[in-house]
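Note sheet for the following structure.
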Amino acid sequence: MEFKHYTVMKQEAVDALECKNGRIYVDCTLGGGGHSELILQRIQPDGRLVAFDIDQDAIDAASERLKDFKNLTIVKASYTNIKQTLNSLGIEKITGGVLFDLGASYHQFNKADRGFSFSKEAPLDMRFNQDATFSAFDVVNGYSEKELVRIFSEYGEERFSKRIAKKIIEERKSKNIETTTELADLIVKCTPHIKSSIHPATRVFQAIRIEVNQELTNVKNTLNDVLDLLDIGAIISVISFHSLEDRLVKNLFRYHSQKCHCEPNQMICKCPPPKLALVNKKPIIASDEEIKVNPPSRSAKLRIAKCIN
Numbered sequence: 001m002e003f004k005h006y007t008v009m010k011q012e013a014v015d016a017l018e019c020k021n022g023r024i025y026v027d028c029t030l031g032g033g034g035h036s037e038l039i040l041q042r043i044q045p046d047g048r049l050v051a052f053d054i055d056q057d058a059i060d061a062a063s064e065r066l067k068d069f070k071n072l073t074i075v076k077a078s079y080t081n082i083k084q085t086l087n088s089l090g091i092e093k094i095t096g097g098v099l100f101d102l103g104a105s106y107h108q109f110n111k112a113d114r115g116f117s118f119s120k121e122a123p124l125d126m127r128f129n130q131d132a133t134f135s136a137f138d139v140v141n142g143y144s145e146k147e148l149v150r151i152f153s154e155y156g157e158e159r160f161s162k163r164i165a166k167k168i169i170e171e172r173k174s175k176n177i178e179t180t181t182e183l184a185d186l187i188v189k190c191t192p193h194i195k196s197s198i199h200p201a202t203r204v205f206q207a208i209r210i211e212v213n214q215e216l217t218n219v220k221n222t223l224n225d226v227l228d229l230l231d232i233g234a235i236i237s238v239i240s241f242h243s244l245e246d247r248l249v250k251n252l253f254r255y256h257s258q259k260c261h262c263e264p265n266q267m268i269c270k271c272p273p274p275k276l277a278l279v280n281k282k283p284i285i286a287s288d289e290e291i292k293v294n295p296p297s298r299s300a301k302l303r304i305a306k307c308i309n
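Per the numbering used here, residue 1 is the first one in the sequence shown, and the count goes up by one each step.
Structure, rendered in structure tokens:
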């Protein structure tokens with residue numbers, strides 16, 4: 001299957017980085033290479049870009065797309081390894097900026113055998129990293145009812161979490177749930193038929209994907225790591241696609257941009273100075289023109305902050 005990927009808010013996310021020749025930039029989520037390509041064009045001839053991805057399909061496609069750029073290092077690793085990787089490359093500080101484009105890609109959703117989509121018959125997979133051993137199958141067939149309720153509620157904000165979890169437990173007593181369509185059909189059958197533009201399985205599939213890939217934990221931990229790596233003046237540009245990610249980014253940016261975290265009754269403030277300055281207090285969203293071309297971009301929110309300490 002040809003690698004297809006639409007780069008969401010390419011101009012806005014890269015403009016936010018204020019790319020300059022001679023500085024070091026990091027693309028934590030290479031994907032199809034759209035953001036990386038624009039960054040590389042803007043940091044010639046002496047800038048440097050390090051790009052991370054764990055999806056070999058993405059790396060293959062982006063490597064071909066970006067083959068003419070000599071100042072690019074592509075790393076097949078999770079962005080969670082950013083500290084160790086940059087250290088191994090002899091990079092002490094990110095002097096320009098870092099970009100995150102979170103969530104699954106168009107290619108991952110539309111390549112049937114990856115198991116991200118409930119509209120395509122496929123094994124329950126949902127791994128970003130195809131070398132990983134833990135998959136959606138393990139969540140659906142191995143988690144307890146209590147654990148399933150937790151992830152469906154927390155990561156999917158699914159109001160019928162208990163009903164769906166109970167049905168999964170009942171179903172797998174006789175046999176494992178093997179495919180995406182089996183799971184989607186089970187969800188449709190055990191939940192009320194409510195008029196909605198969202199398929200009944202959408203939130204559960206999102207929750208399982210987040211659990212399989214530890215998306216929220218990875219984002220939170222890595223953003224904190226990145227703060228230690230940013231040089232003064234460097235910028236973080238983050239695109240998120242659902243409320244949980246956006247809330248996490250918003251809260252972390254807000255915390256590190258506040259001057260004081262003291263309790264109200266504390267007489268003397270000993271808080272360190274803030275590390276970040278918010279570039280935009282409200283998230284930037286995709287333009288109407290972009291949404292027409294790529295409807296999923298309607299969910300995207302871009303938040304930007306600058307290192308000031």
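By construction, the Cβ of each residue, glycine as well, lies at the ideal position given by its N, Cα and C atoms.
Bear in mind that the values here come from a model prediction, so they are computed numbers and not experimental data.
Exposed or buried, what is residue i when buried is set at 16 or more other beta-carbons lying within 10 Å of its beta-carbon?
i    : result
Q258 : exposed
S240 : buried
C19  : buried
C28  : buried
P45  : exposed
H35  : buried
R48  : buried
T133 : exposed
H256 : buried
D125 : buried
D57  : buried
E215 : buried
R289 : In the sequence under discussion, the amino acid at residue 289 is Glu, which differs from the Arg named in the question. Exposed: under 16 other Cβ atoms inside 10 Å.
E147 : exposed
Going by DSSP, which residues form a beta bridge with residue i?
i    : result
V98  : V26, I236
V50  : V26, T73
I284 : L302
A277 : K306
L230 : I94
A179 : Sequence inspection shows Thr at residue 179; the Ala mentioned does not correspond to that position. BP columns for T179 point to P123.
With a cut-off of 8 Å on the beta carbons, I'd call residue i and residue j a contact; round off their distance for me.
i    : j    : result
L86  : V50  : 7 Å
I74  : L40  : I74 to L40, Cβ: 11 Å. No contact.
I82  : V226 : 7 Å
T180 : E121 : 7 Å
I54  : F128 : 6 Å
A300 : V279 : The pair is not a contact, with the Cβ atoms about 17 Å apart (cut-off 8 Å).
E145 : A165 : 5 Å
D228 : C307 : D228 to C307, Cβ: 10 Å. No contact.
S78  : F100 : That pair is no contact at about 12 Å.
L66  : G32  : Wrong, their Cβ atoms sit about 10 Å apart, outside the cutoff.
If we ignore side chains and look at the alpha-carbon of each, how far apart do residue i and residue j end up?
i    : j    : result
V249 : R303 : 8 Å
K189 : K167 : 9 Å
E245 : K270 : 30 Å
K275 : N309 : 5 Å
A298 : I285 : What sits at residue 298 in the sequence shown is Arg, not Ala. Those two C-alpha atoms are separated by around 7 Å.
K10  : R114 : 25 Å
N294 : C262 : 44 Å
A277 : Y143 : 41 Å
S237 : K162 : 37 Å
E170 : E158 : 19 Å
K195 : P123 : 28 Å
V98  : F118 : 33 Å
K281 : I235 : 15 Å
S174 : P273 : 59 Å
D15  : G96  : 12 Å
N221 : R172 : 34 Å
F205 : F116 : 7 Å
T7   : P192 : 36 Å
S130 : G156 : Going by the sequence as given, residue 130 is Gln instead of Ser. Cα to Cα, the separation comes out at about 23 Å.
E154 : P200 : 16 Å
R254 : L223 : 13 Å
R203 : I291 : 21 Å
N176 : S135 : 14 Å
R150 : F160 : 12 Å
S287 : E12  : 10 Å
A38  : P283 : At residue 38 the sequence reads Leu, which differs from the Ala that was named. C-alpha separation (whole angstroms): 21 Å.
How about residue i: is its C-beta nearer than 7 Å to some C-beta of chain B?
i   : result
F52 : As a matter of chain content, chain B is missing from the structure shown, which is built from one protein chain.
Are the region 90-98 and the region 24-41 touching by the rule of at least three beta carbon pairs closer than 8 Å?
yes
Any chance the region 182-198 sits against the region 56-63, with 3 or more Cβ pairs inside 8 Å?
With a cut-off of 8 Å on Cβ pairs, the region 182-198 is not in contact with the region 56-63, counting fewer than three such pairs.
Taking 8 Å as the cut-off, does the region 204-215 touch the region 133-143 (at least 3 CB pairs, one atom from each stretch)?
yes
May I ask you to verify whether the region 252-267 touches the region 64-73, counting CB pairs closer than 8 Å and requiring at least 3?
The region 252-267, when compared against the region 64-73, does not touch it at the 8 Å Cβ threshold.
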